[in-house]
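**Student:** The following block contains the structure, expressed as structure tokens.
Residue numbers (the UniProt record's numbering): 1 to 694.
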């Protein structure tokens, strides 16, 4: 009866309202007066599933709503009500379907936006960030010879300083890469660069070894996040036809970073006067100036990044449609104005957004303390990051992830191991040549003579020195064996690798020298005094900073230029898989020729050939890693694989350096085997050059 009354009221109201006269709806909610009366069953069908009171009173007091408005409200209410009763698998299936639609629509939108001024501006901004990553790899190696003297480092401390940066980069890649999929590409890249810039700047001023080590660790953690974020960020502004080529061009900035670091080390570190001292405790030597200069690319990228937008693809993934649309319109308008076509209109009005599944837990401001609210936010974010890490190992991606992990690891083990091994081998060859030129003096007798010049690379055996003075001089690689010093005077003496073995020293004064107790091996000291010994360690740039080492790194970085150009031009033509496999196999062949590297020039030549051949594999690995994973997992997956790469670098540095001066066979065979195995496995990866970004 209530249903019939409701229909009657609606009909009467309709015919009295001029706005609805002549309206003939075709659904069951509204009927004209000429239509036959409904049977009771039909009337119950009309009101089934609806609130009768709402139907009656809404029509009576507020006017009858338009049928289209009712349908729209029902559509909005239905999914929300239904989601409460659907399991996560169904929601994820719907989201996957939405993401597939978005991937193809987004590809069309990027093609409409074109490739122009906006992408090239972003290219240089992100290139500076990638350049900072390249610089960071070389900094410690260049400053280590000077820092070990300045901070009195032992061999174990030197080894730790060389590896600590890679350890920080490994942690930073996984952590910041994962956060970039939750907080955004731009925001996390700014955090990453800010951490690196702050602690790299600070490390140039600290004096103690422990604090310097900590600063380089945190600096490495910051810069470790740049690589996964930069490639994920830039790829989301590129169309399918441009992606492989322009991501490869972007890789050139890593090479530029190596060239920049080598050139700055070459021009700054040997200049001892480029520094200052404050008293006897604080010294700011030229190698610290070099560390300061190396932070400039990071700072420049950090400033420029403030003017760039967030990735619209990321914004669409988290449901921010309007913000993404505005950024895509900005990209379109910027490129069209640069092409001289400002009148072209951005035709996209609506972009598909995937169904949002994650539920972010939030505490109201009136609930709990600020500390509790932040802890909930942080714990929720890291739980989502951990879920992304596990997602990369699900059945859909497990095999690709494992194969990529092996390829990344074998490539890093070989490349970074040999990059450290080459300079060490060149240094070892230099030391062998140096030792072959040693001068030996037997049974010399010197009395009443003043030594005020440098003694270098000499061995004095069974000598006698009486009433001699050693004033303001340097000993370099000098050994006194079974010698006698009687009534001698040493003042302001600096020594490097100098020792007294089985000597007798009688009535001799040592004033303001660095001839410490450990430099006298099995010696007899009779009535001899040591006063005002030199404190700290002392630099000797003529010995420690060899121009050849800087030249080797400079040429090694420059040698990848042809490989970069070739890989960029052929990446989209021959494909990512063939590029990785071919490059790694050619690099393995180059390793075998190292057996013939018995001179410094030969080692430099084979290093350049190896670096030039291997760079194509690195570029293709970066591209395929970006393309194999969906947007909401892309930076996470890249971060995991890049973190594994840095772990391979740590192992490679440790293993290869331990065989310097012992044998060349193990490093060469290990590097070659790893490259062959990784290259063959890479051929089983899926090709992605025709694939849109999911």
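We put the beta carbon where it would ideally sit given N, CA and C, even for glycine.
#1: Give me, in chain order, the residues of the same chain whose beta-carbon lies closer than 6 Å to that of residue 220; leave out the 5 immediate sequence neighbours on both sides.
#2: In this structure, does DSSP put residue 464 in helix, strand or coil?
#3: Among the candidates 179, 197, 256 and 148, whose CA atom is the shortest distance from the CA of residue 207?
#4: Can you grab the Cα-Cα spacing for the pair residue 104 / residue 693, in whole Å?
#5: Looking only at its own chain, which residues have a Cβ that is under 7 Å from the Cβ of residue 688, when we skip the five neighbours before and after it?
#6: Output the residue ranges of the beta strand (DSSP E) runs that lie fully inside the stretch 403-439 and measure 3 residues or longer, sorted by chain position.
#7: Enumerate in chain order the residues of its own chain whose CB-to-CB distance from residue 592 is below 8 Å, with the five nearest sequence positions on each side excluded.
#8: Is DSSP giving residue 496 helix, strand or coil here?
#9: If you count every other CB in all the chains shown that lies within 10 Å of the CB of residue 490, and 16 or more means buried, which is it?
#10: Does the ligand ZN have a heavy atom nearer than 7 Å to the CB of residue 145?
#11: Is any beta-carbon of chain C found at less than 8 Å from that of residue 269?
#12: Helix, strand or coil: which one does DSSP assign to residue 659?
#13: Exposed or buried, residue 228, counting other C-beta atoms within 10 Å across all chains shown (16 or more means buried)?
#14: For my contact list, residue 112 and residue 332 are in at a C-beta cut-off of 8 Å; report their separation, rounded to the angstrom.
#15: Which whole-angstrom value is the C-beta distance of residue 557 and residue 255, which I expect to be below 8 Å?
#16: When the distance is taken between beta carbons, is residue 191 closer than 8 Å to residue 305?
#17: Taking 8 Å as the cut-off, decide whether the C-beta atoms of residue 684 and residue 403 are in contact.
#18: Could you check whether residue 445 and residue 464 sit closer than 8 Å to each other, using their CB atoms as the reference points?
#19: From residue 691 to residue 100, what does the alpha carbon distance come to, in whole angstroms?
#20: Based on Cα-Cα distance, which residue from 252, 422 and 456 lies nearest to residue 696?
#21: If contacts are defined as beta-carbon pairs under 8 Å, then residue 173 and residue 225 qualify, I think. What distance do you get, rounded to the angstrom?
#22: If you draw a straight line from the alpha carbon of residue 430 to that of residue 603, how long is it in whole angstroms?
#23: Among 594, 611 and 563, whose alpha-carbon lies nearest the alpha-carbon of residue 553?
#24: With distances taken from CA atoms, which of 486, 507, 516 and 506 is nearest residue 493?
#25: How about residue 269 and residue 287: are their beta carbons less than 8 Å apart?
#26: Please name the residue in 502, 472 and 501 whose C-alpha comes closest to that of residue 512.
#27: Residues in the same chain with beta-carbon distance under 6 Å from residue 506, minus the five sequence neighbours each way, listed in chain order, please.
#28: Would you kindly report the start and end of the unbroken alpha helix (DSSP H) that includes residue 583?
#29: Taking the straight line between their C-alpha atoms, what separation do you get for residue 643 and residue 650?
#30: Assuming contact is defined by CB atoms lying nearer than 8 Å, are residue 614 and residue 583 in contact in what I supplied?
#31: Taking C-alpha atoms, which residue in 427, 451 and 498 lies nearest to residue 457?
#32: Which residue or residues does DSSP assign as beta-bridge partners of residue 469?
#33: List the residues that DSSP assigns as beta-bridge partners of residue 521.
#34: Measuring straight from C-alpha to C-alpha, what distance separates residue 679 and residue 523?
#35: What ranges does the alpha helix (DSSP H) occupy inside the stretch 282-318, keeping only unbroken runs of at least 4 residues that lie completely in it?
#36: Contact check, residue 182 vs residue 385 under 8 Å by CB: the rounded distance?
**Tutor:** The relevant details are as follows:
#1: Counting from one through the chain shown, the residue named residue 220 turns up at place 220. Closer than 6 Å at the Cβ level, and outside the excluded window around residue 220, lie 165, 168 and 169.
#2: To locate residue 464, count along the chain shown from 1; it is residue 464. DSSP places residue 464 in strand when its eight states are reduced to three.
#3: Translated into the one-based positions of the chain shown, residue 207 becomes position 207. Among 179, 197, 256 and 148, the Cα nearest to that of residue 207 is on 148.
#4: Here residue 104 is taken as the residue at index 104 of the chain shown, counted from 1. Here residue 693 is taken as the residue at index 693 of the chain shown, counted from 1. Roughly 8 Å between the two C-alpha positions.
#5: What you label residue 688 is simply residue 688 of the chain shown in a count that begins at 1. Once the five neighbours on either side are set aside, the close Cβ partners of residue 688 are 576, 624, 627 and 628.
#6: none
#7: Here residue 592 is taken as the residue at index 592 of the chain shown, counted from 1. The answer, listed in chain order, is 668 and 672.
#8: Along the chain shown, one-based indexing puts residue 496 at 496. Residue 496: strand per DSSP, three-state reduction.
#9: Against the chain shown, residue 490 aligns to sequence position 490. By the neighbour-count rule (16 or more Cβ atoms within 10 Å), residue 490 is buried.
#10: Of ligands this structure carries none, so the ligand ZN is not represented either.
#11: Protein chains in the displayed structure number just one, and chain C is not present.
#12: Within the chain shown, the letter at position 659 stands for residue 659. Correct three-state label for residue 659: coil.
#13: Stepping through the chain shown from its first residue, residue 228 is reached at position 228. By the 10 Å Cβ count, residue 228 comes out buried.
#14: For the purposes of this step, residue 112 is taken as the residue at position 112 of the chain shown. For the purposes of this step, residue 332 is taken as the residue at position 332 of the chain shown. Contact flag correct, Cβ pair sits at about 7 Å.
#15: Sequence index remark: in the chain shown, residue 557 carries index 557 (1-based). Sequence index remark: in the chain shown, residue 255 carries index 255 (1-based). At roughly 5 Å, the Cβ-Cβ gap stays under 8 Å, so residue 557 and residue 255 are in contact.
#16: Translated into positions along the chain shown, residue 305 becomes position 305. Translated into positions along the chain shown, residue 191 becomes position 191. For residue 305 and residue 191, no; Cβs fall outside 8 Å.
#17: Counted from its first residue, the chain shown places residue 684 at position 684. Counted from its first residue, the chain shown places residue 403 at position 403. Yes. Within cutoff.
#18: If you number the chain shown from 1, residue 464 lands on position 464. If you number the chain shown from 1, residue 445 lands on position 445. In this structure, residue 445 lies closer than 8 Å to residue 464 by Cβ.
#19: By one-based count along the chain shown, residue 691 stands at place 691. By one-based count along the chain shown, residue 100 stands at place 100. So the alpha carbons of these two residues sit roughly 12 Å apart.
#20: The chain is shown only over 1 to 694; residue 696 falls outside these bounds and no answer can be derived.
#21: Position 173 of the chain shown, counted from the start, is the residue given in the question as residue 173. Position 225 of the chain shown, counted from the start, is the residue given in the question as residue 225. About 6 Å separates the two Cβ atoms, so the contact holds.
#22: Taking the chain shown and counting its residues from 1, the one referred to as residue 430 is at position 430. Taking the chain shown and counting its residues from 1, the one referred to as residue 603 is at position 603. Cα to Cα, residue 430 sits roughly 12 Å from residue 603.
#23: Translated into positions along the chain shown, residue 553 becomes position 553. Per the Cα distances, 611.
#24: What you label residue 493 is simply residue 493 of the chain shown in a count that begins at 1. Nearest of 486, 507, 516 and 506 to residue 493, Cα basis: 516.
#25: Here residue 269 refers to the residue found at position 269 when the chain shown is read from its first residue. Here residue 287 refers to the residue found at position 287 when the chain shown is read from its first residue. The answer is yes: Cβ separation under 8 Å.
#26: One-based indexing of the chain shown puts residue 512 at position 512. It is 472 whose Cα lies nearest to the Cα of residue 512.
#27: Mapped onto the chain shown, residue 506 falls at position 506. Around residue 506: 486 and 526.
#28: If you number the chain shown from 1, residue 583 lands on position 583. Residue 583 -> alpha helix (DSSP H) spans 576-592.
#29: Position 643 of the chain shown, counted from the first residue, corresponds to residue 643. Position 650 of the chain shown, counted from the first residue, corresponds to residue 650. Between residue 643 and residue 650, the C-alpha separation is close to 11 Å.
#30: Residue numbering aside, residue 614 sits at position 614 when the chain shown is read from its first letter. Residue numbering aside, residue 583 sits at position 583 when the chain shown is read from its first letter. Closer than 8 Å, so yes.
#31: As a position in the chain shown, residue 457 is number 457, starting the count at 1. Looking at the Cα atoms, 498 is the closest of the given residues.
#32: Stepping through the chain shown from its first residue, residue 469 is reached at position 469. DSSP lists 450 and 489 as partners of residue 469.
#33: Residue mapping note: residue 521 aligns to position 521 of the chain shown, counting from 1. Answer is 501, bridged to residue 521.
#34: Reading the chain shown from its first residue, position 679 is the one you call residue 679. Reading the chain shown from its first residue, position 523 is the one you call residue 523. Taking the straight line joining both Cα atoms gives about 58 Å.
#35: 286-293, 296-305 and 312-317
#36: By one-based count along the chain shown, residue 182 stands at place 182. By one-based count along the chain shown, residue 385 stands at place 385. Rounded, the Cβ-Cβ distance is 6 Å, consistent with contact.
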